[in-house]
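For the working numbering, count along the sequence shown from 1 and bump the result up by 609. In this text, a Cβ means the ideal position worked out from N, Cα and C, and glycines have one as well. What you are looking at is a predicted structure, and each value in this text was computed from that prediction instead of being measured.
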Amino acid sequence: MTPSERRETALDIFQAALRAVDPAKSVKQYMPRVLDACRERALTSGILIVGFGKAAAVMAGAAVESIPGDIPVRGIVITKYGHTKGAMLPGSVEVHEAGHPIPDEAGRAGAQRALELLAGADEKTLVLFLISGGGSALLAAPAEGITLADKQAVTGLLLKAGATIDELNTVRKHLSRVKGGRLARAAYPAHGISLILSDV
Numbered sequence: 610m611t612p613s614e615r616r617e618t619a620l621d622i623f624q625a626a627l628r629a630v631d632p633a634k635s636v637k638q639y640m641p642r643v644l645d646a647c648r649e650r651a652l653t654s655g656i657l658i659v660g661f662g663k664a665a666a667v668m669a670g671a672a673v674e675s676i677p678g679d680i681p682v683r684g685i686v687i688t689k690y691g692h693t694k695g696a697m698l699p700g701s702v703e704v705h706e707a708g709h710p711i712p713d714e715a716g717r718a719g720a721q722r723a724l725e726l727l728a729g730a731d732e733k734t735l736v737l738f739l740i741s742g743g744g745s746a747l748l749a750a751p752a753e754g755i756t757l758a759d760k761q762a763v764t765g766l767l768l769k770a771g772a773t774i775d776e777l778n779t780v781r782k783h784l785s786r787v788k789g790g791r792l793a794r795a796a797y798p799a800h801g802i803s804l805i806l807s808d809v
């Protein structure tokens, strides 16, 4: 095999790997099950999308594209600055860009808005959680008694100390109003389905 052929083969393998992990393709694969759950349970309040992570906008775009017009859709997406490019979302799905890996005020405001939307969900609502890498930093809702500055300082210190993502997330869970199952609790009494893309 010539160097040119090896290069061509390597590029083919790389492109195939990218296609295999395409967030939109992954979400569309599971949307028929989401829609079946919505119809089987007669969830007439429609679908509330709550997406957070670096791929959240693309995931939400794919989800919305798969939802028929007779099902009401609304929601929020919180993603990293510059990661909304190419995502086609209706006006009923709010888009918030925020800081990663250090959480910022935009992430805190987005998380607060997500909690407000969840508070309005009822037992006839299906909440579609779309979660991807970076979501833990982007959905920044400090626990009671903890400020955003506290979370930023702790995250910065852990990163400087070389903490792994698992170690970061373990600490973040205890500093948050939404991690460790609390976001699902905030959605009650709505039904919830999570589609998660993870590199952890």
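Quiz item: Is it a yes or a no for the region 718–725 touching the region 742–753, going by three-plus beta-carbon pairs under 8 Å?
Solution: yes
Quiz item: The alpha helix (DSSP H) spanning Ala720 covers which residue range?
Solution: Looking up residue 720 in the sequence shown gives position 111. Where Ala720 is concerned, the enclosing alpha helix (DSSP H) stretches over Glu714 to Ala728.
Practice problem: Output the boundary residues of the alpha helix (DSSP H) element that contains Glu753. | Solution: Position 144 of the sequence shown, counted from the start, is the residue given in the question as residue 753. Glu753 -> no alpha helix (DSSP H), and no H or E assigned at all.
Quiz item: Beta carbon of Val643, beta carbon of Leu804: below 9 Å?
Solution: As a first step, residue 643 must be located in the sequence shown, where it is residue number 34. As a first step, residue 804 must be located in the sequence shown, where it is residue number 195. Yes.
Exercise. In the DSSP assignment, find the beta strand (DSSP E) that holds Ser803 and state where it starts and stops.
Key: Residue numbering aside, residue 803 sits at position 194 when the sequence shown is read from its first letter. Looking at the DSSP string, the run of the beta strand (DSSP E) that includes Ser803 is His800 to Ile805.
Practice problem: Indicate the three-state DSSP secondary structure (helix, strand or coil) for Ile740 in the structure shown. | Solution: For the purposes of this step, residue 740 is taken as residue 131 along the sequence shown, with counting starting at 1. DSSP places Ile740 in strand when its eight states are reduced to three.
Exercise. Would you decide whether Ser774 is buried or exposed? Buried here means 16 or more other CB atoms lie within 10 Å of its CB.
Key: Locating residue 774 in the sequence shown gives position 165, where the first residue counts as 1. For the record, residue 774 in the displayed sequence is Ile; it is not Ser. Exposed is the call here.
Quiz prompt | Endpoints, alpha helix (DSSP H) assigned at Val763 | solution = Position 154 of the sequence shown holds residue 763. Where Val763 is concerned, the enclosing alpha helix (DSSP H) stretches over Leu757 to Lys769.
Practice problem: Compute the distance between the beta-carbons of Val682 and Val704, then report whether it is under 9 Å. | Solution: As a first step, residue 682 must be located in the sequence shown, where it is residue number 73. As a first step, residue 704 must be located in the sequence shown, where it is residue number 95. Cβ atoms of Val682 and Val704: not closer than 9 Å.
Exercise. Tell me whether His783 is buried or exposed, calling it buried when 16 or more other Cβ atoms sit within 10 Å of its Cβ.
Key: Residue numbering aside, residue 783 sits at position 174 when the sequence shown is read from its first letter. Result: exposed.
Quiz item: The beta strand (DSSP E) spanning Lys694 covers which residue range?
Solution: To locate residue 694, count along the sequence shown from 1; it is residue 85. Looking at the DSSP string, Lys694 is not in any beta strand (DSSP E), and its letter there is neither H nor E.
Quiz item: By Cβ distance, which residues of its chain are closer than 6 Å to Glu615, with the 5 residues on each side in sequence left out?
Solution: Counting from 1 along the sequence shown, the entry for residue 615 is found at position 6. The identity of residue 615 in the sequence shown is Arg, whereas the question assumes Glu. Closer than 6 Å at the Cβ level, and outside the excluded window around Arg615, lies no residue.
Quiz prompt | Pair within 9 Å by beta-carbon distance, Ala867 and Ala696 | solution = No information on residue 867 is available, as it lies outside the stretch 610 to 809 that the chain covers here.
Exercise. Write down the C-beta distance between Lys637 and Ser675 rounded to the nearest angstrom, noting that I regard them as a contact closer than 8 Å.
Key: Against the sequence shown, residue 637 aligns to sequence position 28. Against the sequence shown, residue 675 aligns to sequence position 66. The Cβ separation is near 6 Å, so the contact holds.
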